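Visitor: Have a look at the structure that comes next, please.
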């Protein structure tokens, strides 16, 4: 291909480092036969709190990849997404790909009560209207892919995390059990277990079953699986307040486990990280800006997204990224 590719991102946002990491990965890619640039988004504010967004450089006849920052407040995230896509669409690019390291509103994926918005579908409709392709990682619910009228590549953090464990935590892999903190995440935990077994490790699996009261508060939890005397690693897509993982850790310790660690692709820690200080190890992706701490490690997804974007641009398959 001989097109020019432009990575578009908001340089004033916390997620700009992620976008720059994706850009740097593609820039360093050997054998690349296209030019790649990183362009900023300008914000113009007005006295009545309204604002407009403008692409800082000319993008006519260029392929654009918008890396949209999920660190923003959800309402700002959605408004910025809409305004940026509009600015891109009417600046005459040859194509628009939308990279959402974390897709906001993705947990509102069903009509579970009357007269409620299907927010994930609203985001999907917006992106589908302006974009040609979209990308995210570890969607909370895979059925959200069906809301899009364009291709949505749902990447998996699994190969990146497995590689991180092999390189830095070989001791943890000895006598390990992958634990899902709830029944809904069982398939995700199983995929991690199978990947490690393929790598030659003897890894078990456990599942926690939450019991909630009528208000949704967790009032009890059962653990299924052989966990006594073993290292336990909880796997989830999102660490929001962390209440489920904290309750699961309490139950697991009561079952006589050797250690309790946790991984979440998107780490929000809405009630602060101090609640997790007693975990043996906590790992999160860098889709949400997080500073490493004593027992907190950040596993970068920049290379995963960079490779996936590059393969899309050059017409290569993404499936081989996850065949481990």
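In the working numbering, the protein residues as written are 125 to 448.
Each residue gets a CB set at the ideal place from its N, CA and C atoms; glycine is no exception.
Model, not experiment: these values are computed from the prediction.
If you draw a straight line from the alpha carbon of residue 145 to that of residue 305, how long is it in whole angstroms?
Guide: Along the chain shown, one-based indexing puts residue 145 at 21. Along the chain shown, one-based indexing puts residue 305 at 181. Rounded to whole angstroms, residue 145 to residue 305 spans 31 angstroms at the Cα level.
Visitor: Under 8 angstroms, with one C-beta from each stretch per pair, do the region 413-428 and the region 333-351 reach the 3-pair mark?
Guide: Touching, no.
Visitor: Keeping to the same chain, check which residues put their C-beta closer than 7 angstroms to that of residue 256; ignore five residues upstream and five downstream.
Guide: Taking the first residue of the chain shown as position 1, residue 256 is located at position 132. Hits under 7 angstroms: 219, 220, 221, 274.
Visitor: If you drop the 5 nearest sequence neighbours on each side, which residues of the same chain put their C-beta closer than 6 angstroms to that of residue 202?
Guide: Translated into positions along the chain shown, residue 202 becomes position 78. Once the five neighbours on either side are set aside, residue 202 has no close Cβ partner at all.
Visitor: Keeping to the same chain, check which residues put their C-beta closer than 8 angstroms to that of residue 229; ignore five residues upstream and five downstream.
Guide: Looking up residue 229 in the chain shown gives position 105. Cβ within range, chain order: 198, 202, 243, 244, 246, 247.
Visitor: Below 8 angstroms on the Cβ atoms is my guess for residue 212 versus residue 160; work out the distance and round it to an integer in Å.
Guide: Here residue 212 refers to the residue found at position 88 when the chain shown is read from its first residue. Here residue 160 refers to the residue found at position 36 when the chain shown is read from its first residue. With 8 angstroms as the limit, residue 212 and residue 160 do not qualify as a contact, their Cβ atoms being about 16 angstroms apart.
Visitor: In chain order, what residues of the same chain have a beta carbon less than 7 angstroms from the beta carbon of residue 153, not counting five sequence neighbours either side?
Guide: Reading the chain shown from its first residue, position 29 is the one you call residue 153. Within the same chain, residue 153 has close Cβ partners 434.
Visitor: With a floor of 3 residues, list each beta strand (DSSP E) that falls wholly inside the region 128-152, ordered by position along the chain.
Guide: List check, beta strand (DSSP E) in window: 128-133.
Visitor: I'd like the list of long-range same chain contacts for residue 452, defined as Cβ closer than 8 angstroms, with 5 residues on each side in sequence excluded.
Guide: This structure cannot settle anything about residue 452, because the visible part of the chain is limited to 125 through 448.
Visitor: Residue 183 by DSSP, collapsed to three states: which one?
Guide: Mapped onto the chain shown, residue 183 falls at position 59. Coil, per DSSP.
Visitor: Residue 449 bridges to which residues according to DSSP?
Guide: This structure gives no information on residue 449, because the portion of the chain shown stretches from 125 to 448.
Visitor: Inspect the beta-carbon positions of residue 379 and residue 347 and report whether they are closer than 7 angstroms.
Guide: In the chain shown, counting from the first residue as 1, residue 379 sits at position 255. In the chain shown, counting from the first residue as 1, residue 347 sits at position 223. Yes.
Visitor: Have a look at the DSSP bridge pairing and note the partners of residue 344.
Guide: On the chain shown, residue 344 is found 220 positions in, with the first residue counted as 1. Answer by DSSP bridge pairing, in chain order: 335.
Visitor: Does DSSP classify residue 159 as helix, strand or coil?
Guide: Translated into the one-based positions of the chain shown, residue 159 becomes position 35. Three-state result, residue 159: strand.
Visitor: So, helix, strand or coil for residue 258, using DSSP?
Guide: Translated into positions along the chain shown, residue 258 becomes position 134. Correct three-state label for residue 258: strand.
Visitor: With distances taken Cα to Cα, identify the nearest neighbour of residue 302 among 279, 372, 432.
Guide: If you number the chain shown from 1, residue 302 lands on position 178. Answer by Cα proximity: 372.
Visitor: At the level of alpha carbons, what is the spacing between residue 209 and residue 150?
Guide: For this step, residue 209 is matched to residue 85 along the chain shown. For this step, residue 150 is matched to residue 26 along the chain shown. Answer to the nearest angstrom: the Cα atoms are 22 angstroms apart.
Visitor: With burial defined as no fewer than 16 other Cβ atoms inside 10 Å of the residue's Cβ, what is the status of residue 175: buried or exposed?
Guide: Taking the first residue of the chain shown as position 1, residue 175 is located at position 51. The residue in question, residue 175, is exposed, as its Cβ has fewer than 16 Cβ neighbours within 10 Å.
Visitor: Could you round the C-beta distance between residue 394 and residue 368 to whole angstroms and report it? I think they count as a contact, below 8 angstroms.
Guide: Position 270 of the chain shown, counted from the start, is the residue given in the question as residue 394. Position 244 of the chain shown, counted from the start, is the residue given in the question as residue 368. About 13 angstroms; that fails the 8 angstroms criterion.
Visitor: Determine, using beta-carbon pairs with one atom in the region 312-326 and one in the region 278-288, whether at least three such pairs fall under 8 angstroms.
Guide: Short answer: they touch.
Visitor: Would you give the residue range spanned by the alpha helix (DSSP H) that residue 302 belongs to?
Guide: As a first step, residue 302 is located in the chain shown; it is residue number 178 there, counting from the start. Unbroken run through residue 302 is the beta strand (DSSP E), 300-304; no alpha helix (DSSP H).
Visitor: Enumerated in chain order, which unbroken segments of the alpha helix (DSSP H) with a length of 4 residues or greater are wholly contained in the region 207-256?
Guide: Qualifying alpha helix (DSSP H) stretches, in chain order: 243-254.
Visitor: Taking the beta strand (DSSP E) that residue 436 belongs to, which residues open and close that run?
Guide: Along the chain shown, read from residue 1 onward, the residue named residue 436 stands at position 312. Residue 436 -> not in any beta strand (DSSP E); alpha helix (DSSP H) instead, spanning 426-437.
Visitor: Have a look at 403, 432, 261, 309 and flag the residue whose alpha-carbon is nearest the alpha-carbon of residue 355.
Guide: Taking the chain shown and counting its residues from 1, one reaches residue 355 at position 231. Nearest of 403, 432, 261, 309 to residue 355, Cα basis: 403.
Visitor: Residue 165 by DSSP, collapsed to three states: which one?
Guide: Taking the first residue of the chain shown as 1, we reach residue 165 at position 41. Strand, per DSSP.
Visitor: Could you give the residue range of the beta strand (DSSP E) that holds residue 287?
Guide: As a working note, residue 287 is residue 163 in the chain shown. From DSSP, residue 287 is part of no beta strand (DSSP E) but of the alpha helix (DSSP H) over 282-292.
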